[in-house]
Amino acid sequence: MINYEEQLEFFKLIGMELKTRVTCFVIGGSAMMFYGAKAETKDVDLVFLDTKDLEKLKEVLFKLGFESRKKLIKIFKRYELINKKNEPVVMEGRNTRFDLFLKQIITFQISDGVVERAKEEHEFDNFVVRVVSPEDIILLKSATEREKDRYDALNIISKYKIDWDVIIKESVNQTKKGSLFPVFLFDFLYELKEDFKTDIPREVIIKIRNISEEMMLKRYKNK
């Protein structure tokens, strides 16, 4: 596990090792720590828009004593439903793990909207970290199958005034990219509301369900 201060120290070390400027987006529990919504996390999740930036960070992590994990972790099994060439790079250290993604996290693709909503930015020498919005943390959490991600989403929803229109619009946007994401989002939000009694407007659940059904119908017709 790694806490907020330890994460910052890692980012500082990375920034000092990098020879050129590298920008990434921090997601998941790592992003939640920036918002004060989580005390510690098991892994540091970073998303890159540029392959070269991802490779540069991978090289730095090797220098810092991390090792590359070859076998796909169980939580990423949904990659079997999509293009496997975009699987994350998993770098394991003694007490933590870095998961490095390129443009896509399982069934969710980093859109222009996600980039625009990442208002918070931190610089650690040559390492620039942008923090995704609370809405996008929820969206990204829904792409996994871990129960702890349900609790993380519940925590975010309870602490922040979520703009549910952003959730709905991004779900529509993901369908335009041909992603299965809205189906997983509906299951995720429905479970949060029904099983975890999370305060999610019912009309949001209905709209996401309709988006999912329309997407599946189009896929069926196009077969």
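The numbering used here applies: residue 136 is where the sequence shown begins, and numbers increase by one.
Every residue gets a Cβ at the ideal spot worked out from N, C-alpha and C, and that includes glycine.
Which first and last residues belong to the alpha helix (DSSP H) in which residue i is found?
i	result
residue 326	316 to 329
residue 136	Where residue 136 is concerned, there is no enclosing alpha helix (DSSP H), given that its DSSP letter is neither H nor E.
residue 275	269 to 276
residue 222	No alpha helix (DSSP H) contains residue 222, which DSSP labels as neither H nor E.
residue 183	Residue 183 -> not in any alpha helix (DSSP H); beta strand (DSSP E) instead, spanning 178 to 183.
residue 356	337 to 356
residue 306	299 to 311
Out of the options, point me to the one whose CA is closest to residue i's CA.
i	options	result
residue 254	141, 166, 344	166
residue 174	182, 163, 235, 181	163
residue 238	224, 232, 230	224
residue 190	226, 260, 296, 313	226
residue 258	155, 278, 137, 319	155
residue 265	148, 144, 161	161
residue 284	309, 357, 320, 313	320
residue 278	315, 199, 188	315
residue 204	233, 198, 186, 152	233
residue 149	196, 324, 181	196
residue 339	330, 325, 331	325
For the beta strand (DSSP E) containing residue i, name the first residue and the last one.
i	result
residue 161	157 to 162
residue 235	232 to 237
residue 259	255 to 259
residue 262	262 to 266
residue 280	Looking at the DSSP string, residue 280 is not in any beta strand (DSSP E), and its letter there is neither H nor E.
residue 203	202 to 204
Whose C-beta lies closer than 7 Å to the C-beta of residue i among residues of the same chain, with five residues either side of it excluded?
i	result
residue 342	303
residue 249	267, 271
residue 168	139, 142, 176
residue 312	244
residue 228	200, 201
residue 308	246, 248
Contact defined as beta carbons within less than 8 Å: I believe residue i pairs with residue j. What is the distance between those atoms, to the nearest angstrom?
i	j	result
residue 193	residue 136	22 Å between Cβ atoms; not a contact.
residue 261	residue 157	6 Å
residue 371	residue 183	This structure gives no information on residue 371, because the portion of the chain shown stretches from 136 to 358.
residue 296	residue 287	At roughly 17 Å, the Cβ-Cβ gap does not stay under 8 Å, so residue 296 and residue 287 are not in contact.
residue 152	residue 198	6 Å
Which same chain residues, not among the five before or five after residue i, have their C-beta less than 6 Å away from its C-beta?
i	result
residue 282	none
residue 333	289, 292, 327
residue 353	none
residue 310	317, 350
residue 171	none
residue 147	259
Check whether the Cβ of residue i lies closer than 7 Å to any heavy atom of the ligand NAP, and answer yes or no.
i	result
residue 193	The ligand NAP is absent from the structure shown, which contains no ligands of any kind.
Below 8 Å CB to CB, which residues in the same chain sit around residue i once its five sequence neighbours on both sides are set aside?
i	result
residue 144	none
residue 263	156, 157, 158, 159, 256, 257
Q. Within the chosen definition, does the segment 259 to 277 reach the segment 286 to 303 through at least 3 CB pairs nearer than 8 Å?
A. Touching, yes, given that three or more Cβ pairs across the two stretches are closer than 8 Å.
Q.
For the pair the segment 292 to 306 and the segment 340 to 353, tell me if three or more CB-CB distances fall below 8 Å.
A. At 8 Å Cβ cutoff, the stretches touch.
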